[in-house]
Amino acid sequence: MDVSSSIDRAVSTYISHWFEQHPYLAWSIAHPLPSLGLLLLLILSLLGLFGAIGRGVEQIWLFLLKTPFKLLQPIFRGISIVLLRILGRDNSIDPTPTPERIDIIVDRLQALSQEQEKLLKELATLRNMD
Numbered sequence: 006m007d008v009s010s011s012i013d014r015a016v017s018t019y020i021s022h023w024f025e026q027h028p029y030l031a032w033s034i035a036h037p038l039p040s041l042g043l044l045l046l047l048i049l050s051l052l053g054l055f056g057a058i059g060r061g062v063e064q065i066w067l068f069l070l071k072t073p074f075k076l077l078q079p080i081f082r083g084i085s086i087v088l089l090r091i092l093g094r095d096n097s098i099d100p101t102p103t104p105e106r107i108d109i110i111v112d113r114l115q116a117l118s119q120e121q122e123k124l125l126k127e128l129a130t131l132r133n134m135d
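Our numbering puts the sequence shown at residues 6 to 135.
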């Protein structure tokens with residue numbers, strides 16, 4: 006008996022037994038195009054899964070980092086309102102307009118408009134000087 010034929014027979018027996026134990030791998034070798042398509046589908050699915058896991062972890066961390074600030078926000082808002090009242094700078098807007106308040110707003114807007122016109126004229130003269 007020849008040594009090379011006995012080695013050939015041993016290797017082929019080992020490979021055939023291995024393919025019998027792993028029929029899906031034997032099928033993928035026998036059908037390379039569908040196997041390549043399935044492999045590509047598997048890779049894309051895993052990439053999508055890893056991306057979804059990454060986005061989920063990111064959302065969890067953002068939630069955990071934002072929660073203390075959201076819980077403390079009403080406290081800071083209350084403190085700022087109290088401080089503004091203490092300092093006399095209550096900026097709350099009265100929801101019911103009165104004629105006096107409307108007159109005050111119109112007067113302020115006219116004064117601001119006149120000041121804006123004055124500043125625009127001054128700017129124009131300054132530009133003409135250059």
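All C-beta atoms in this analysis are idealised placements derived from N, C-alpha and C, irrespective of residue type, glycine included.
Residue i: first and last residue of the uninterrupted alpha helix (DSSP H) it sits in
{"i": "Pro73", "result": "37-92"}
{"i": "Thr130", "result": "104-134"}
{"i": "Thr18", "result": "8-26"}
9 Å Cβ cutoff met for residue i and residue j
{"i": "Trp32", "j": "Ser40", "result": "yes"}
{"i": "Ile34", "j": "Phe24", "result": "yes"}
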